[in-house]
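Engineer: Sharing a structure below in structure tokens format, with a few things to ask.
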Amino acid sequence: MVASGSDALFDAILSLSTVVAAIISLIWHISLEGILGTIIAFVIIKAAIEMLSETLSSMIGNRVDSEITDKLKDRISQFDEVRGVYDLTLHNYGPTQLMGSVHVDLRDDMTAKEIHKLTRHILYAIYEAFGIILTVGIYASNTDSEETRKIKESLNEIVKKYPEILQMHGFYIDEDFRLVTFDLIIDFDANRAEIKDKVLDEIQNKYPDYQFDAILDADYSD
């Protein structure tokens, strides 16, 4: 419909320019048909490229407006139990239909019943405020201990050395296996695998009694 409307508009402009060029030619004997034709051709080509780009973008997918994602994260963060909001992904299924998923960081001593109630409350709150249907996943966050804080602080210091790292989240220590896991969001322009390995080497050397594993995550919404 938009493309059809644009086509009709350019037909009208072309007809008008032809009439104007004819009048100028009759009165002042100046031939402008070639110049006007060239200008209109460039305008039509530009409009066609923009329409094609818009169509392809809607098919491939557009990045969601950061204003929407910021408001979503702020609303979810208002729940007292939520320690962090990550991995927000939204899919557009029409002008008024958005669906997606998000991860929230919760204490690891919460029960399944408590988590179920919380994720339901988040789902209803987001749908009521934004009309968006969200699937809510969780990251378990260690209840604060001196050892946990120490390792996490050390990891944060290492991460700060690399400006290519946009975010670190999902930090968790499995004491049964002495395993530390976390997610890294690294700029796509950087050598992501190399930076990940450097971070793992540094933290592993500092805490040889633990095993460390990092997952390369992608930033879809910010």
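Mind the numbering: the sequence shown is residues 26 to 247 in our numbering, read in order.
Positions of the beta carbon are idealized from the N, C-alpha and C atoms, including for glycine.
I'd like to know whether the C-beta atoms of L180 and F207 end up nearer to each other than 8 Å.
Structural biologist: Residue numbering aside, residue 180 sits at position 155 when the sequence shown is read from its first letter. Residue numbering aside, residue 207 sits at position 182 when the sequence shown is read from its first letter. In contact: L180 and F207 (Cβ atoms closer than 8 Å).
Engineer: Which residue's Cα is closest to the Cα of V110: H128, V45 and I65?
Structural biologist: Here the question's residue 110 lines up with position 85 in the sequence shown. Checked all of H128, V45 and I65; the closest Cα to V110 is H128.
Engineer: Alpha carbon to alpha carbon, how far is K96 from V45?
Structural biologist: Along the sequence shown, read from residue 1 onward, the residue named residue 96 stands at position 71. Along the sequence shown, read from residue 1 onward, the residue named residue 45 stands at position 20. Spanning the two alpha carbons is a distance of roughly 52 Å.
Engineer: What's the C-alpha gap between S56 and S50?
Structural biologist: Along the sequence shown, read from residue 1 onward, the residue named residue 56 stands at position 31. Along the sequence shown, read from residue 1 onward, the residue named residue 50 stands at position 25. Roughly 5 Å separates the two Cα atoms.
Engineer: Ordered along the chain, which non-local residues of its own chain (more than five positions away) have a Cβ less than 8 Å from that of I311?
Structural biologist: Nothing about residue 311 can be read from this structure; the chain reaches only from 26 to 247.
Engineer: Could you check the C-alpha separation between N117 and G156 for me, to the nearest Å?
Structural biologist: The residue given as residue 117 occupies position 92 in the sequence shown. The residue given as residue 156 occupies position 131 in the sequence shown. Cα to Cα, N117 sits roughly 12 Å from G156.
Engineer: Return the bridge partner residues of V110 from the DSSP annotation.
Structural biologist: For this step, residue 110 is matched to residue 85 along the sequence shown. Per DSSP, V129.
Engineer: Give the list of continuous alpha helix (DSSP H) stretches no shorter than 4 residues that lie fully inside the stretch 131-196.
Structural biologist: As far as the stretch 131-196 is concerned, its whole alpha helix (DSSP H) runs of at least 4 residues are 137-155 and 171-185.
Engineer: Would you tell me roughly how many angstroms separate the C-alpha atoms of A47 and D244, rounded to the nearest one?
Structural biologist: Sequence index remark: in the sequence shown, residue 47 carries index 22 (1-based). Sequence index remark: in the sequence shown, residue 244 carries index 219 (1-based). Near 57 Å, if we compare the C-alpha coordinates of D244 and A47.
Engineer: Have a look at the DSSP bridge pairing and note the partners of Q236.
Structural biologist: What you label residue 236 is simply residue 211 of the sequence shown in a count that begins at 1. According to DSSP, Q236 bridges with L204.
Engineer: Using the Cα positions of N230 and Y164, report the straight-line distance between them to the nearest angstrom.
Structural biologist: Counting from 1 along the sequence shown, the entry for residue 230 is found at position 205. Counting from 1 along the sequence shown, the entry for residue 164 is found at position 139. Cα to Cα, N230 sits roughly 26 Å from Y164.
Engineer: To the nearest angstrom, how far is it from the Cα of F22 to the Cα of E153?
Structural biologist: Within the shown structure, residues of the chain are numbered from 26 to 247, placing residue 22 beyond reach of any answer.
Engineer: Are I228 and E189 close, meaning C-beta to C-beta below 8 Å?
Structural biologist: For this step, residue 228 is matched to residue 203 along the sequence shown. For this step, residue 189 is matched to residue 164 along the sequence shown. Taking 8 Å as the Cβ cut-off, I228 and E189 do not qualify as a contacting pair.
Engineer: Using DSSP with H/G/I as helix, E/B as strand and the rest coil, what is D244?
Structural biologist: The residue you call residue 244 lines up with position 219 of the sequence shown. Note: D244 maps to coil in three-state DSSP.
Engineer: Who are the Cβ neighbours of K98 in its own chain at under 6 Å, not counting the five residues just before and after it?
Structural biologist: As a first step, residue 98 is located in the sequence shown; it is residue number 73 there, counting from the start. Same-chain partners within the cutoff: V110.
Engineer: With respect to the alpha helix (DSSP H) encompassing I224, which residues constitute its N-terminal and C-terminal limits?
Structural biologist: Position 199 of the sequence shown, counted from the start, is the residue given in the question as residue 224. Looking at the sequence provided, one finds Val at residue 224 rather than Ile. R217 to K231 is the span of the alpha helix (DSSP H), which, as asked, contains V224.
Engineer: Spatial neighbours of G100 within its chain, please: C-beta separation below 7 Å, excluding the five flanking residues on both sides.
Structural biologist: By one-based count along the sequence shown, residue 100 stands at place 75. The amino acid occupying residue 100 in the given sequence is Arg; Gly does not appear at that position. A150, I151 and A154.
Engineer: Identify whether M76 lies in helix, strand or coil by the three-state DSSP scheme.
Structural biologist: Taking the sequence shown and counting its residues from 1, the one referred to as residue 76 is at position 51. Here M76 sits in helix by DSSP.
Engineer: For the alpha helix (DSSP H) containing S102, name the first residue and the last one.
Structural biologist: Here residue 102 corresponds to residue number 77 of the sequence shown, with the count starting at 1. Run containing S102: S91 to S102, per the alpha helix (DSSP H) assignment.
Engineer: Quick one: is I198 buried, meaning 16 or more other Cβ sit within 10 Å of its Cβ, or exposed?
Structural biologist: By 1-based counting over the sequence shown, the position of residue 198 is 173. Buried is the call here.
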